[in-house]
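Each number in my numbering corresponds to the 1-based position in the sequence shown with 30 added. The next block holds one structure in the form of structure tokens; read it before the comments.
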Amino acid sequence: MREEHMAKELEERTVLVIPCSGIGKVHGLLSREAAYLVTDELASSKTDTICLALLVKGDEEAVEAVRTHACITIDGCPKACAQKNVEMAGGRVAKAFQAAEAFKAHRGAKPGSASALTEEGWLIARDIAGAVACEATGIARDGEAIQ
Ligand code: SF4
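And the structure:
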């Protein structure tokens with residue numbers, strides 16, 4: 031969770047957008063940048079994020095957050111670390127996205143490296159973010175996935 035997000039009290043209908051913590055490959059960076067696009071720009075009033083590592087180590091506040099808010103995970107690859115860790119913490123994943131899936135609509139694209147996205151990479155990140163924001167907005171509005 032970014033520092034400013036940690037200080038913010040989560041509202042009841044806030045949807046948590048949780049990216050995996052993949053490093054070393056562009057997929058993890060895509061999932062993180064897509065999450066920040068959603069929480070900082072596209073659906074900032076309806077979403078927030080938490081640090082996956084806090085969940086993995088069993089941080090009480092993080093575990094409580096995923097148990098009481100709808101979660102959307104964005105994983106880099108099919109290993110689905112964010113989705114699995116939210117589920118293991120007792121949270122309910124309302125929708126799971128994978129950056130690798132988004133590549134299918136961008137065949138041949140060169141998204142960049144583990145540390146920097148190219149223009150094509152930002153296009154993919156924006157595609158993912160748009161789909162996540164759309165989902166989060168629906169959940170926040172309808173409240174269907176809120177526990
Ligand atoms: S989902 Fe894939 S890219 Fe993300 S942390 Fe797990 S293994 Fe790494």
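Even glycine gets a Cβ: it sits at the ideal position worked out from N, Cα and C. From a predicted model like this one, the values you see are computed outputs, not experimental measurements.
_If you measure between the beta carbons of Thr103 and Ile48, is that distance less than 9 angstroms?_
Indexing the sequence shown from 1 puts residue 103 at position 73. Indexing the sequence shown from 1 puts residue 48 at position 18. Yes.
_Under DSSP, the beta strand (DSSP E) around Val45 begins and ends at which residues?_
Stepping through the sequence shown from its first residue, residue 45 is reached at position 15. Per DSSP, Val45 is one residue of the beta strand (DSSP E) stretching across 45 to 49.
*Residues with a Cβ closer than 5 angstroms to any heavy atom of the ligand GDP, in chain order?*
As presented, the structure is devoid of the ligand GDP, carrying the ligand SF4 as its sole ligands.
*asked:* Quick check: the segment 130 to 142 against the segment 153 to 166, are at least 3 beta-carbon pairs closer than 8 angstroms?
replied: yes
*Could you pull out every residue in the same chain whose Cβ sits closer than 7 angstroms to the Cβ of Ala161, ignoring the five residues on either side in sequence?*
In the sequence shown, counting from the first residue as 1, residue 161 sits at position 131. Once the five neighbours on either side are set aside, the close Cβ partners of Ala161 are Phe127.
_Meets three-Cβ-pair contact criterion under 8 angstroms: the segment 83 to 94 and the segment 52 to 71_ = no
*asked:* Assuming Lys125 is part of the alpha helix (DSSP H), what are its boundary residues?
replied: Your numbering for residue 125 matches position 95 in the sequence shown. That residue, Lys125, is in no alpha helix (DSSP H); its beta strand (DSSP E) goes 123 to 128.
*asked:* Please tell me whether Pro141 and Leu40 are closer than 9 angstroms, where the distance is taken between their beta carbons.
replied: For the purposes of this step, residue 141 is taken as residue 111 along the sequence shown, with counting starting at 1. For the purposes of this step, residue 40 is taken as residue 10 along the sequence shown, with counting starting at 1. Contact check for Pro141 against Leu40 fails: the beta carbons are separated by 9 angstroms or more.
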